[in-house]
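Here is the structure we will look at.
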Amino acid sequence: MAVRASVTDVPHFSAHADASRIIDWPRGAPAPRTTYPVHGEPDAAAALRDRIDETLGWTAVVPRSGEHVLVR
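The sequence shown runs contiguously to residue 76 in the working numbering.
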């Protein structure tokens with residue numbers, strides 16, 4: 005199966021100190037079907053998920069550790 009994706013490294017972000025910058029970075033992009041925040045510990049990822057939902061209005065889901073997600 006061909007993979008049609010690109011990986012972007014966004015260095016120097018922290019879910020705590022830079023949450024506003026993390027939210028501002030994709031603000032102009034079209035809303036994806038689902039966003040999967042995987043940054044940091046579970047509580048930090050959940051906080052980022054909530055902020056994505058509240059600020060951008062996007063569906064965000066924190067995958068469980070080891071969970072595989074099929075992105076189409």
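A virtual CB, placed ideally from N, CA and C, is assigned to each residue, including glycine.
These numbers were taken from a predicted model, which means no experiment stands behind them.
Subject >> First through last residue of the alpha helix (DSSP H) which encompasses L52 >> reply: Unbroken alpha helix (DSSP H) run through L52: 46-55.
**OP:** Identify whether A23 lies in helix, strand or coil by the three-state DSSP scheme.
**Re:** DSSP, reduced to helix, strand and coil, places A23 within a helical segment of the structure shown.
**OP:** Give the DSSP bridge partners of T39, in chain order.
**Re:** For T39, which the question treats as bridged, DSSP gives the partners A64.
Subject >> Three-way DSSP call (helix, strand, coil) for T12 in this model >> reply: Coil, per DSSP.
Subject >> Reduced DSSP secondary structure (H/G/I, E/B, other) of E58 >> reply: Under the three-state reduction of DSSP output, E58 falls in the helix class.
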